[in-house]
Structure formats: structure tokens, C-alpha cells
Amino acid sequence: MTASAPSLGTPPIRSAPIGQRLSGLVLPVITALVVVFLFAPLVVMVVFSFNDPAGRQNITWQGFTLDNYLTLWGRPDITGPMLTSLTIAAISTFVATVLGTLIALALTRYDFRGRSATNLLIFLPMTAPEIILGASLLTLWVSMGVGRGFLTILVAHIMFNVSFVVVTVRARLIGFNRSLEEAGMDLYADAWTTFWKVTFPLIFPGILAAALLAFSLSIDDYVITVFNAGRTVTFPLWVFGVSRLGIPPEVNVLGTLILLLAVAFIVVQLWQARRQAAAGQTVTIRGR
Amino acid sequence: MSRGRGLIPYLFLLPGGAWLIIFFAIPMAFMLLVSLQEGSLSSGYELTWNFGIYPEVIAESSDQIVRSLTYAFATTVLTLLIGYPMAYTIAFRGGRLKNALLLIVILPFFVSFIIRTLNWKMILADNGIVLGTLKDLGVLEQGFHLIATPAGVIGGLTYNFLPFMVLPLYVALEKIDPRLIEAGMDLFASRFQAFWRVTLPLSLPGVVAGSLLTFIPAVGDFINAELIGAANRDVTMIGNIIQFKYLNANDFPAASALGFVLLLGVMVLIAIYTRVVGTERLTS
Amino acid sequence: MSDEQRSRIEMAIVRAMQKDRVSRRTFLGRAGRGGIAIGAALTLPGLIAACTPGGSAALEWANWPAYIDIDEESDPNPTPYPTLNAFIEQTGINVNYSEVINDNEEFFGTIFPDLEAGNSTGWDIVTPTDWMVEKLIRLGYVQELDHSKLPNLAANAADFAVDQWFDPGNAHSVYWQGGITGIGYNPTITGRQITSFDDLFDPAFKDLGVGLFSDTRDMLSLSLLSLGIVPANATIDDVTRAQEKLLTAAEAGQFRGFYGNEYYDELSAGNLALTIAWSGDVTQMKLYDNADVEFVVPAEGGMRWNDNLVIPNGSTNVDAVHQLMNYWYDPVPATTLAEYIGYFSPVAAVPERIQADADAARADGDDAGADELEVFAATVAPTEDQIANTYPYKQLTEDEETEWNDLWLQVMS
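In C-alpha cells:
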């Protein structure tokens, strides 16, 4: 929670009536329920990563084993696609976020000819059915004589991610208080520094949200990737293939490991935040 | 808003715009031409400017078009109802955990779609943990199933599009100064009023962004109807039809045409939506 | 401006910042560290691979998942597939095995633009199902085989696996693995034995879950058979009648859904009481996942199908491909393959060899393993009855294909 600087005055502390206290609980409870809802299939996934199925299918519990975790590394047919997907997602997220943020900035701050056309160009990729997007891109590659593989998948992912980044970052830029920037310009007298010191930190939540969205879109994409993959196998392609006979436990293992990685990231975040607070960072006030 | 500050806006637009033009607009223009072609795999396709294909595919798949729009609308409303409290909590009660909480919201989506869906199917199996218990307790009748029903498909859509709503909402909510809300509470009698009069309007850009990010892709979705809906004829969406026409029937013109019908339809809806909500919100 | 003004503005800006102030360095640090590093390291091979289409001497083979024996325990040497490793060792020919086919039509969609343009598809050998082979031959997209390079085929292939309707004389393809499409059901749920295609239309099963395939050819052919019409001879009127039978029931909500591979989970989990199914799948299901299920070829007839190895246009490693094809008709790798996959093997000697392995296992005291092998020995080749009562698909002209697809789409939607 933010702490207010003394000079701004703290609102009087009211004793909260029961109604307010209860309604104060409503939000966290709903959130908790939503989190449970979001994670339900993941719990199943974690549990079944320890399953020891006799057959190929993994839907009934047949015995606890750690084998799946141990043998995973000797399965390049599984770890390979996962690494490929992660790499593609990381790069496409970065590039799409940069490209998309630039477009969002242009759209919200400048009135130029071709604004509506740009708006249209942003919305259309989200609208088009994936199969049309994928197949049309494939036709482009064939006509250009480009072989399909890692690079073509990357290009396709960046393409469809840009729109989502633009829309998300734009939600942050609208109503952005330019006076801060103007003050910054007075101070730094240089648009570039102003951007990095003033604008960027303020719009960062939007950029982060957009990046998270783009990453998950990329790592989960199937149809567009199928048409642009050639011989490269990404994780969703591999999973779709083997899930014909039910999800093998190795898939659950990978999923669980991803989960652990992200949880580790969260823990690091928490720890960093705690350290920042302890080190007595400048007391700041929520910005506009 | 700076008026035509020379080259700067165009410079900003250039990389992303060029990317989209080369890798999206041009291929799509080609698909538009394909939709006007006639022919077949063996005899080849010929550009005959067959505009008649458009009314043809609309008439043939009108059910699916309407159904897709309905499902997408339901999904948008549901994700809004579920996602708004979530985004609100993260934005205002999240504190230092904000980024971590955001990551939690998006986490399930790093795990492949098929894992999530198949595990959901396991949870919602006719005689599995949830439904089986309810049936044993007599709450549900024996024939009840969620798989292959509209409810199941919409549920799947909602689940899979939740982050598309939560993230933009969070982005908009997070930048609201809580002092404004407190001022609102002083001004209006109840918290609800303060929310309705202050927070909600301020978060509108997020609502718009989230609705667009959810509705638009949801209309063209096919995978939920295919996996959760088992492609039951009551739940097939336009995406399934396009899929079939393109891959199975190799009817590229019809598939393209349907794709563009979808495109145009959604564009029209967006135009109406933004007019109602106020274009200023979108374009500031 | 004065220092005081400057510092006041600076303070204001600082106050206006969020708590979570992110400097340029930390941002780049966080984002850049992980992604770029890995990306740079891994993109290089990717770049090289992408920039040299078809430059390697290795054979590029596209196949379905779970369609080859795999050793999950040891390190790849050089591949995780023992039979393939043996081939590579014997011949010195490198093989890049990719499990990228999930659906015939989807895969066709990815290679079609190249084939149409006359380019190489990037694949030397692919594994489509019989009707897709027929389509590829019809469109002139696959190369002819040189049988002088396939001695094992002539010597070891079983009768049912050669000279089929879609490729007379095996001019373009060789049999990989095959099976039967029939009905899989769970008698504990249905309450009775299932014997006929018409059982799928029994209203008593509607709530228990009846499944059909989403495949045009499978469904229309099975329906034709239930009307007493052999698919290969069906006229368009026949097909329309077959379709109407399905359409009426579909409109009444008789069918839970139209499945691809997902039917396996549903049947195994009990969400479906009976469904169209593949023979090999049900064998596996019975062994490992749900001992109650049974497979039956409908009394009126089931469909026989198989996947095949073909050489698409544009492949230049033709000699090496022939060596690979020939290899699979050697009884030794063929047996290993069949023991792993469980579908029909085209090599005549395989069932006896599996039985021999079963006997050896039993002699070693491994009864469980022996039992399993005996199940396979019985199912890796079609019985006389099954051959008599299963039919191949009809060879469709392009117009017929369109008609069939249109009719079937009506049923599904």
C-alpha cells in the first residue's frame, strides 16, 4: 500500500461499519475464487505429472512416481519443442512490444493523416480467423521462395502480437497526463531522456501487461504456427500431436516445471520488493 | 495531442506498420483475391471476380455466424463480470504484489492450451469429480453433461479469454489515483456510488480495450467448439466452418470469403461500439 | 531556470512516479537478460537451418506422432528411435524424423502451396493415409517408385498390404501401418453387446453418449454399408440416402459429437458409451486404460484403412528414400515396430515373430510381458473374417469429393 507524504494530509480514519468491512472482503474472496478457477486444471496437471500410467493415457491415477521428471531430460523430442517455443515467445514478445508501443504512442499523441487507416490495420489481424492468417502467410512464403522454419514462425508471431500490444498499451496512454512530460522536458530538455525517465516508467504497467499477453499468445499458438513451421516443432504442435492418445505425463511435467519457473519469478519479485522497502526507497505517491 | 508534428508519428509507425503491411495486409489482399476465384485443386483456380460467393456463404452459414457472435458476446460479458473485480483487486489492493499477481493471472496460459482444455475435460467429465459427485448426491440428473454443450463451450471461451480482459482492465484501473476515489466517497453516499460515478468511468478505456481484445478473437475461435464442444452441431462456430472448408473441402474461395465476412462483420460492430462508447476514449 | 525551480520540478516528477520505479537499466536488464541471451544462442542454428532449405543430405521424414518405436530411457543415438538408429548405422544415411502430421488435410494444407508452385516441400518422405495418397496421385504430386530398389517389399509383404485400390501395383506408395474403423463401446455402460452400425442410432443410447468421427469418408462409407451398399460402388444417390440417415439422427440430437482423435479419452473416461473407433486404439485402451471396452466390426461391414510412405515431388534423395522404404519390410525392424505400435503390419512374418517373442518372454518368466505380446500377435494382422468384412474407401473424383464434403458438412452443422 502506498504511504502518503505528510504534506498532502491523510484522510481521517473512519471506523468501518460491518457492511463496509464485509464488502471489503468481497473483492479478495472473488479474486481468490477466480484464481482457483484459473488454476483448477493446473492442479490436475501437477498431480498427474507424478502419475505412473501403464498405457499411453494419463487420466486415472495409477501410482506415484518421480520417473517422469528424471527421464524428461533424455527426451529431446519433448524438451526441444519446449525450448523452441520459449525462444520464439521471448523474441516475438520483445519485438512486438517495441513495435506495438511505438504505434500506440503515435496513435494516442499525434493527429496525422492515416490515423483511421492505422486503426484499421491494427484491428484487422485480431479479427481474421487464424487459419486465414496462417495460410495467407504461407502463400507469401511460397511465392517468395522462403523455406519455413524458426524464422517464419517468429515473423508470424510478431505479426499477430503487435495488435494486442497496441490495444493494451493504448489503454494506458489514454488520459496520460502530459504535464508531467512537459515538466520533464523543462528539466531534461531532451525528448529521449524525458521518455526514459518520465514517460516510460509511467506507462510500464501497460507495457508489461502487453508483453505478458503477447508471450502467452505466442507460446500457445497452434494454427498459425502449423502453417509456418516447416520442420520446426513447437510445444503446442508437439502437444497436439501426442495428445491424440491422452496427455503423456511428460507434458504435465513440462507444464509443472513452467509453473515452478514462474512461481520462482514471483518469489524473486516479492523478495526484491521487500528489499526495496527495507532499503528505504524514496517514498513515492501513486502517479496519474 | 500534437497536430502533425512532422515526421515523428510516421517514424513511430514505420517499423510496426511496415511489418503489418508486409506480413499481414499483403497476404490478406491476396486472400481477398482468392475469395473471388473459382475452381478446384486439380483444375486450378481462376480469378473470375465471383462476388456472388459472399451472399452464398453468408446464407449457408448464417446459423454459425449468429452463434459465433452470440457466444463471443456472452464470453465478453462473462469475462468482464469475472475479470473486473480481479483487475480491481490487483490494481488497488495489490500493493507490492501487483506484478506477481498479474503473472498469476497469466500463468495458466503459459501452459499449452491443450493441457488446460484436456484437464478441464477431465474435471468436467460426465462422471468425474465434479459432475459425478453432484449426480451421486442427486443434485443433477444422470444424463446431464457439460461437454458438447453451449454452456461448456462458452465456459471454455471465458476461461481462455480471461487474461485478455483482465490485463487491459488492470492497466486502466492501475493509473487511477485512489485519492480521486476517496474524494468520490466523500462526495457520494456509498462506496458503490463512488465506484459507479468515479472509478468505472475512469476505467472505461480499459473496459473498451478488454472487450475488444476478447470479443474480436472469440468470434473466430474454433478450438473450443472442436475440443470441448466435440464439434456438436449445436455448437459449431464460424471458425469451424472456415476450418472445414479450407482444409477438408479445399474450398479456398469459400473459406476466404467467410473469413472476410467475419472480418467485415466484426469491423462494423466495433465501429458501432466505439461510436456508442465515444471515440474520444479510443483515440484520445 | 533557477536551481530551486529545477529541484521543485524534479521533486514533483519524482513524487508523481509510481513506487515501482523502473529505470531503463533495470528494464533492459530484466527483459533482455533471459530472452535475448537464449534467443541469440538458439537463433543461430535456426537461422542457418532456415537459410539453407534442403541443403542437408539427411532424409526429411514427416510422420504421425506415436508411430514409431521409441526408447525413452537412453540418450538419443543419434535419434531416440531404435529401429531408425539401426537403419542409420547400417546404411550411413541420416534421417530427420519429424512428428508433424496431426491430420491429413491439415498437413496437406501446409505442403500444397509448394506442390502447386512446383517447389520442393522440404520433405523427402511423408506418411499420408490411403485416401490422401489417392488424392496426391490424382493431382500428380508424388513420385513413382522404383521397385528394383524394393526387394523386401516383393519378398516379405503380406497380400492384404499390396496392390490396393488407391495405388494399383504400389506405383507410388508402400504400406506403413493400418487398421480398421469400427465401433468401440463399453458394455458395462451400454448394457448389451453392440453388433451393428444401427446400434449407434438407438435412442436408448442418446443420453449415454454416442460418438461419430468427423471424417467425411469414414462416416458416409459406414452409413452406406449399413444400407447394404459397398462404398466403392456407391452412386451419388446412394450417398445422399446414407447422408439423410445420418442427418435425421443428428438433427434429433442423437450424437454427442464428431470426434477426431479425442474420442479415445471420451470412450476411456466413460463420457461415451459407444463410438466409431480404430481397432488398434481399442486394443491399447483395453490393455492399459479401460479393461471394459470392446471393439467390434459392424456386421454390415467396417472400413479398412492404412497409412503409407510416399515421396512428394521435389525430393531429390530418392535413392536413400528407397533404401529406407525397403528397410521397413525387413522382418526384424517390422516386428519391433509392430510390437510398439500395435496396428496392422504389412510384413507377413510379423505375427509369428511376435508370438515367438511372447514364448521367449514366457520362458524367461515374464508372464505379463508375454500376455501383452500375445495380444499384439493376434491383432497386428487382419484376420480372414476381418478382411472379408471390411471395405476400402471409394476412389473419389474431385466433383464427388466436393459433393461428399458438402453432404457431410450438413450433418456436422
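Chains as they are written, first to last, in this note's numbering: chain A, 9 to 296; chain B, 312 to 595; chain C, 489 to 901.
All residues carry an ideal CB built from backbone N, CA and C; glycine is no exception.
Just so you know, the alpha carbons of THR890/C and ASN169/A end up roughly 36 Å apart.
For PHE575/C, DSSP assigns no beta-bridge partner whatsoever.
Excluding its 5 nearest sequence neighbours in each direction, ILE724/C has C-beta neighbours in its own chain below 8 Å: GLU888, GLU891, listed in chain order. For GLY263/A, the nearest beta carbon of chain B is closer than 7 Å to its own beta carbon.
MET152/A sits in a helix when the DSSP states are folded into three classes.
Rounded to the nearest angstrom, the gap between the Cα atoms of THR676/C and ILE434/B is 22 Å. Of THR824/C, ALA849/C, ALA848/C, the smallest CA-CA separation from ALA837/C is found for THR824/C. Assignment of THR469/B by DSSP, reduced to helix, strand and coil, places it in the helix class. Contact check for THR469/B and THR390/B: beta-carbon distance about 6 Å, within the 8 Å limit, so the pair qualifies.
Under DSSP, ASN796/C forms a beta bridge with TYR663/C. In this structure LYS556/B does not touch LEU573/B by the C-beta definition: roughly 12 Å separates them, more than the 8 Å allowed. An exposed status is given to ILE440/B, since fewer than 16 other beta-carbon atoms sit within 10 Å of its beta-carbon. Membership of THR763/C in the beta strand (DSSP E) is indicated by the continuous run 762-766. Of all residues in the region 592-611 of chain C, the ones placed with a Cβ closer than 7 Å to any Cβ belonging to chain A are GLU594, GLY597, THR598, PRO601, ASP602, ALA605, ASN607, GLY610, in chain order. Considered as a whole, the region 63-106 of chain A harbours 75-79 as its complete alpha helix (DSSP H) runs of no fewer than 4 residues, in chain order. DSSP places ALA287/A in no beta strand (DSSP E); its state is neither H nor E. Bounds of the beta strand (DSSP E) holding ASN584/C are 583-586. The C-beta of PRO564/C comes closer than 7 Å to at least one C-beta of chain A.
DSSP, read as helix, strand or coil, puts ALA646/C in coil. Closest by C-alpha distance to PHE384/B, out of LEU524/B, LEU408/B, ARG407/B, is LEU524/B.
Closer than 7 Å to the CB of THR79/A there is at least one CB belonging to chain C.
Shown here, ASN607/C sits in coil according to DSSP, grouped into three states, outside any helix or strand.
In this structure, the CA atom of ARG544/B is about 8 Å from the CA atom of ALA738/C.
Beta-bridge annotation (DSSP): GLY32/A is not paired with any residue.
When the Cα atoms are used, ALA730/C and ASN592/C turn out to be separated by approximately 24 Å. Taking a 10 Å sphere around the C-beta of ASP497/B, we find fewer than 16 other C-beta atoms and assign the residue as exposed. For MET53/A, the nearest beta carbon of chain B is closer than 7 Å to its own beta carbon. Taking each of LYS409/B, GLY576/B, ILE552/B in turn and checking the Cα distance to VAL275/A, the smallest one comes out for LYS409/B. In this structure, TYR673/C keeps its C-beta atom at 7 Å or more from the C-beta atom of GLY768/C. Proximity to ASP562/B across PHE334/B, ILE364/B, THR428/B peaks at ILE364/B, based on C-alpha coordinates.
When the beta-carbon positions are compared, TRP549/C and ILE613/C come within less than 7 Å of each other. Its chain contains ILE211, GLY214 as the residues whose beta carbon lies nearer than 6 Å to that of ARG180/A, once the 5 sequence neighbours on both sides are disregarded; these appear in chain order. Per DSSP, GLU782/C is not a residue of any alpha helix (DSSP H); the beta strand (DSSP E) it occupies stretches across 782-784. Counting only unbroken stretches of 4 or more residues, the alpha helix (DSSP H) elements lying wholly within the region 536-593 of chain B are 549-554, 563-588, in sequence order. Sequence-distant partners of LEU538/B (beyond 5 residues in either direction) whose C-beta falls short of 6 Å from its own C-beta, in its chain, are THR428. The beta strand (DSSP E) runs of length 3 or more contained entirely in the region 695-743 of chain C are, from start to end of the chain, 698-701.
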